Amino acid sequence: MKIIEGEYIFTDDATRIKLDEVCSLLRQSHWAKNRPAEIIAKTIETSLCFAIYHNDIQIGFARVISDYAVYSLILDVIIDEKYRSNGLGKKLIEFINNYPSIKDTSKVLWTKYAERLYLKCGFKEEDFYKFMFNRP
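Here's what the structure looks like:
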């Protein structure tokens with residue numbers, strides 16, 4: 146699936162995603178800046194991935210893990226620092242929310258810094274859920 150918005154292309158085309166470009170984007174984040182390239186490669190391989198391109202340069206990325214029936218977990222949403230604050234993050238989330246195979250699933254995410262973005266996209270804080278974590 147591909148949508149063109151002005152100079153930007155939003156796509157799920159996995160063949161266009163370049164590991165080095167995703168690594169470069171994630172190095173700009175607080176949560177994945179030290180994630181090894183081989184781990185990033187595995188996450189790309191096992192997730193439904195979305196990207197934004199400007200002049201054939203990848204400037205945005207997000208991935209989803211889903212059961213395609215009930216839940217879809219949105220992860221690693223990142224827009225290149227040079228392109229932030231012009232609505233691309235919101236458009237990327239809208240692209241994901243309307244993606245045919247997960248459109249009817251409940252979208253789940255956790256974030257510490259982009260709450261306003263997700264609230265604008267229809268997400269709500271749910272205090273009655275407890276986030277639990279188990280690291281190997």
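The numbering of the sequence shown is our numbering, which starts it at 146 and goes up by one.
Beta carbons are placed, not taken as given, at the ideal position from N, Cα and C, and that holds for glycine.
Because the structure is a prediction, the values reported are computed rather than measured.
Rounded separation between Leu233 and Val253 - CA only: In the sequence shown, the residue the question calls residue 233 occupies position 88. In the sequence shown, the residue the question calls residue 253 occupies position 108. C-alpha separation (whole angstroms): 20 Å.
Limits of the beta strand (DSSP E) - the one that Val222 falls within: In the sequence shown, the residue the question calls residue 222 occupies position 77. Val222 -> beta strand (DSSP E) spans Tyr216 to Ile224.
Use the C-beta contact count for Ser217: other C-beta atoms within 10 angstroms, 16 or more gives buried, fewer gives exposed. On the sequence shown, position 72 is the one that residue 217 refers to. It is buried - the Cβ of Ser217 has at least 16 other Cβ atoms within 10 Å.
Less than 8 Å between the CB atoms is what I'm expecting for Ala207 and Asp221, so what's the real figure, rounded? Numbered from its first residue, the sequence shown carries residue 207 at position 62. Numbered from its first residue, the sequence shown carries residue 221 at position 76. Going by Cβ atoms, the distance from Ala207 to Asp221 rounds to 6 Å, so yes, they are a contact pair.
Taking 8 Å as the threshold (C-beta atoms), are Ile238 and Leu170 in contact? As a first step, residue 170 must be located in the sequence shown, where it is residue number 25. As a first step, residue 238 must be located in the sequence shown, where it is residue number 93. Going by C-beta atoms, Leu170 is not nearer than 8 Å to Ile238.
So Asp157 and Tyr228 are supposed to be a Cβ contact under 8 Å. How far apart are they, rounded? Position 12 of the sequence shown, counted from the start, is the residue given in the question as residue 157. Position 83 of the sequence shown, counted from the start, is the residue given in the question as residue 228. Contact between Asp157 and Tyr228 does not hold, since their C-beta atoms are separated by about 19 Å, which reaches or exceeds 8 Å.
Under 8 Å between C-beta atoms of Ile154 and Lys163: The count along the sequence shown starts at 1 and reaches residue 154 at position 9. The count along the sequence shown starts at 1 and reaches residue 163 at position 18. Against a cut-off of 8 Å, the Cβ pair of Lys163 and Ile154 comes out as no contact.
Exposure of Ile202, with buried meaning 16 or more beta-carbon neighbours within 10 Å: What you label residue 202 is simply residue 57 of the sequence shown in a count that begins at 1. Only exposed fits Ile202, as fewer than 16 other CB atoms lie within 10 angstroms of its CB.
Please name the residue or residues paired with Tyr263 in a DSSP beta bridge. As a position in the sequence shown, residue 263 is number 118, starting the count at 1. DSSP output for Tyr263 lists no bridge partner at all.
Outcome for Tyr213 when other beta-carbon atoms lying within 10 angstroms are tallied against a minimum of 16: Within the sequence shown, the letter at position 68 stands for residue 213. So Tyr213 ends up on the exposed side.
Helix, strand or coil for Asp177? Go by DSSP, reduced to three states. Looking up residue 177 in the sequence shown gives position 32. Per the sequence presented here, residue 177 reads as Ala, with Asp not at that position. If DSSP states are grouped into helix, strand and coil, Ala177 belongs with coil.
Tell whether a beta-carbon distance below 8 Å holds between Val209 and Ile241. The sequence position of residue 209 within the sequence shown is 64, counting from 1. The sequence position of residue 241 within the sequence shown is 96, counting from 1. With contacts defined by Cβ atoms closer than 8 Å, Val209 and Ile241 form a contacting pair.
Under the assumption that Cys168 contacts Ala182 (Cβ atoms under 8 Å), give the Cβ distance between them as a whole number of angstroms. Reading the sequence shown from its first residue, position 23 is the one you call residue 168. Reading the sequence shown from its first residue, position 37 is the one you call residue 182. Right, the Cβ-Cβ distance comes to about 5 Å (below 8 Å), so this counts as a contact.
Report the partner residues of Thr156 according to the DSSP bridge assignment. As a working note, residue 156 is residue 11 in the sequence shown. Note: Thr156 sits in a beta bridge opposite Lys147 and Ala196.
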